Structures are given as C-alpha cells and as structure tokens.
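Student:
Residue numbers (our numbering): 211 to 389.
(1) Which two residues bound the contiguous alpha helix (DSSP H) that contains residue 263?
(2) Report the rounded CA-to-CA distance for residue 383 versus residue 346, giving the unit in angstroms.
(3) Roughly how many whole angstroms lie between the Cα atoms of residue 367 and residue 253?
(4) Which first and last residues belong to the alpha helix (DSSP H) in which residue 370 is found?
(5) So residue 364 is in the alpha helix (DSSP H); what residue range does that whole segment cover?
(6) Let me make sure I understand the geometry here. Which of 375, 298, 291, 315 has the alpha-carbon closest to that of residue 350?
(7) Thinking residue 333 and residue 281 are a contact (beta carbons under 8 Å), I'd like their distance in whole angstroms, please.
(8) Rounded to whole angstroms, what's the CA-CA distance from residue 317 to residue 323? Just pull it up for me.
(9) Of all the alpha helix (DSSP H) runs that stay within the bounds of the region 273-327, which reach a length of 4 or more residues?
(10) Please state whether DSSP places residue 339 in a helix, a strand or coil.
(11) Are there 16 or more other CB atoms within 10 angstroms of the CB of residue 344, so buried, or fewer, so exposed?
(12) Inspect the CB distances between the region 327-341 and the region 277-292 and report whether three or more fall short of 8 Å.
(13) Taking the C-alpha atoms as reference points, what is the distance between residue 270 and residue 276?
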C-alpha cells in the first residue's frame, strides 16, 4: 500500500515534466506516452530520486539521533557536518563576490534562519511519531509551496500544479493510513 502512495507521487512528477516538454494541455495520465525511463534520463528527475533516497536514510538517522541525544545538540551538529561536507563544493562553485554582497548575505541569513526554524519542530515530531508519518506530513507543504511559487516567483500553471499536488496528497494519505 505504501508503494502505491509512492507510485502516485512518482507518476505525478513524471507527468508534470512531460507536460513541460509537450505543452501544459497534454493528457496528464496518457498511458501510451508514459515513460518511466524518463525518470532516469532527466537530470532533474535523477536528482530528485537521489534526494528522496537520501531523505529515506537521513529521516531514520534523525529519528535515532533524537532518541539518543538532546535535540538542541543534534540539530547544530548536523548543520555543521553538512557545512563541512559541502564546503569544498561551495569553494569551487560559488561566485564569492555575489555571496558577500549585503543583499545576498541578508537573503542567505533569512533562508538559513527559516531552515533552522523548520528543522527544530521536525526533530521534535520525529521524537514523537514514526518517521513515515512525519515525512508524509512534511510533504503536505507542497500545498503551500505552489501558491507561494506563483506569488513570489511568478510560476505559471497554478491549476495543473495544484491538481498534481492533490494527487500527491492522496499518496501521502495512503501512506499515512495504511503504510
């Protein structure tokens, strides 16, 4: 049953990328054109599948850590570990002149602060509920992300994105109830 919920999410993601390539009015669930291998061919899809795989591992690690050490130790320890791990990448890839501009630095501090504020309740939730429940609830944030993407970034196809999000929400509900 949990796999059915995951399959709904993957199906919507794959069909959304197909819609970007062939126009927004294509039939979303046209089975004759469904290409599961597109998930492996498209760099963005591969990255998201890898990210989902990594989150499946780190969610369990976070749960173990929150059970065995103070929450306010694990959160900063994880942030420092990630910063150290990605420092070489940042040193090679970043345009440092842009990073140290006051407006950019302010944005980075806001993003980092918001990430920290969202991570703390996530850790508390992991301490109290199974990982798959917490992750499912966390994924519901897509219902807020889509309208914000439209408002802040001017993204189009709001209706189609909301339909896709609702299908993914059904997958979340399936996982939550019968996972």
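Beta carbons are placed, not taken as given, at the ideal position from N, Cα and C, and that holds for glycine. Note that the structure is predicted; figures quoted are calculated from it, not measured.
Tutor: Answer, in terms of the structure:
(1) As a first step, residue 263 is located in the chain shown; it is residue number 53 there, counting from the start. Where residue 263 is concerned, the enclosing alpha helix (DSSP H) stretches over 253-278.
(2) On the chain shown, position 173 is the one that residue 383 refers to. On the chain shown, position 136 is the one that residue 346 refers to. Approximately 8 Å between the Cα atoms of the pair.
(3) As a first step, residue 367 must be located in the chain shown, where it is residue number 157. As a first step, residue 253 must be located in the chain shown, where it is residue number 43. Going by C-alpha positions, residue 367 is about 22 Å away from residue 253.
(4) As a first step, residue 370 is located in the chain shown; it is residue number 160 there, counting from the start. Note, residue 370: alpha helix (DSSP H), 368-388.
(5) Indexing the chain shown from 1 puts residue 364 at position 154. No alpha helix (DSSP H) contains residue 364, which DSSP labels as neither H nor E.
(6) As a working note, residue 350 is residue 140 in the chain shown. Of 375, 298, 291, 315, the residue nearest in Cα terms is 375.
(7) As a working note, residue 333 is residue 123 in the chain shown. As a working note, residue 281 is residue 71 in the chain shown. Confirmed, about 5 Å.
(8) Counted from its first residue, the chain shown places residue 317 at position 107. Counted from its first residue, the chain shown places residue 323 at position 113. Approximately 10 Å, taken between the alpha carbons.
(9) Listed in chain order, they are 281-303, 306-309.
(10) Taking the chain shown and counting its residues from 1, the one referred to as residue 339 is at position 129. The three-state reading of DSSP puts residue 339 in coil, since its state is none of H, G, I, E or B.
(11) In the chain shown, counting from the first residue as 1, residue 344 sits at position 134. Buried, by the Cβ-count rule.
(12) At 8 Å Cβ cutoff, the stretches touch.
(13) As a first step, residue 270 must be located in the chain shown, where it is residue number 60. As a first step, residue 276 must be located in the chain shown, where it is residue number 66. So the alpha carbons of these two residues sit roughly 10 Å apart.
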